[in-house]
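Let me begin by presenting the structure, written as structure tokens, before commenting on it.
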Amino acid sequence: MTALGRFARSWSSGILIAVLILLWETGVRFFEVPNFLLPAPTEIAALFVDEWALIQMHSIATVWAIASGYVTAVVFALAVSALMIRYPLIERLIMPIFVGLQSVPKIAIAPLILVWIGAGTGSKIAVVMSIAFFPIVINTMAGFKEVDRGLADVFRSVAANERQMLFRLRLPYAIPYIFAGLRIATTLAVLGAIVAEWLAASNGLGYLVLSGSFNFNTARSFAAIISLAVIGTLFFNFMSWIEARMSWRTGLNDSTSHV
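With this note's numbering applied, the sequence shown corresponds to residues 25 to 283, in that order.
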């Protein structure tokens, strides 16, 4: 997409959001909707100003849990994927376990993690990691297995070892797949942090959503939800930005030319 196209799309999205906010504000004022049911956008904006320090504090706690759990999931997923592609027996043994765990709603697993680890940042990181792990593994394995057979034969013909096969062939081929998994995992990581903060936490934006609801301070809940949406969007766009600047095709050509 050209720069002009991206600019036009951004403006279109901005105009749509502005129209929706205007309709929201008008509807709430016209129908005199109580604040505890649906606050007006201007009231939410005013709360952002009045409670900015509080929102910032809880945002930092949530971002830390998301980032820590996400990085842990990435490292663990890549290591496990490398192990499974090297030893197919391990893949046959543990992949069904991963699939089974992924089939269970994380809202059901999260309480067990809280019991085992205890309430706090550690449990939030563990929940985020457990949710973000699976899509990275699945996409990484798909990329590892999409290696061109002809190139693989070339590597074997020059007696390349498994380490060379992994880092010079499989990994360059898998990078687009890995980033697809990373993008999916960004949104799931935010979801994992919210789930953990809902169940047992004394800080974080998920906690702020619940506390606002319990105290009929719906504007605070909306402020926390908007903050979560912004964090998730920035996180996703950051990963897309990194991917766009990685010349993985060039890297693949360079790696295969130095076998």
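Here a beta-carbon is modelled for each residue, glycine too, at the ideal position from N, C-alpha and C.
query, result
"Cα-Cα separation, alanine 42 to isoleucine 149", "35 Å"
"Cβ-Cβ distance between proline 63 and glutamate 49 below 8 Å", "no"
"Same chain, Cβ closer than 7 Å to valine 171, five either side skipped, listed in chain order", "Leu193, Arg194 and Tyr197"
"Inter-residue spacing [alpha-carbon to alpha-carbon] between leucine 102 and glutamate 75", "40 Å"
"Candidates Leu78, Met165, Phe259 and Met153: closest to alanine 217 by CA position", "Met153"
"Simplified DSSP state of tyrosine 111, which is helix, strand or coil", "coil"
"Alpha-carbon to alpha-carbon, isoleucine 208 and isoleucine 45", "28 Å"
"C-beta atoms of threonine 164 and glycine 205 nearer than 8 Å", "yes"
"Distance between arginine 53 and asparagine 239 (C-alpha atoms, nearest Å)", "22 Å"
"Whole-number beta carbon distance between alanine 243 and isoleucine 68, since they are thought to touch under 8 Å", "5 Å"
"Methionine 270 (DSSP reduced to helix, strand or coil)", "coil"
"Where asparagine 11 sits in the DSSP three-state scheme", "This structure cannot settle anything about residue 11, because the visible part of the chain is limited to 25 through 283."
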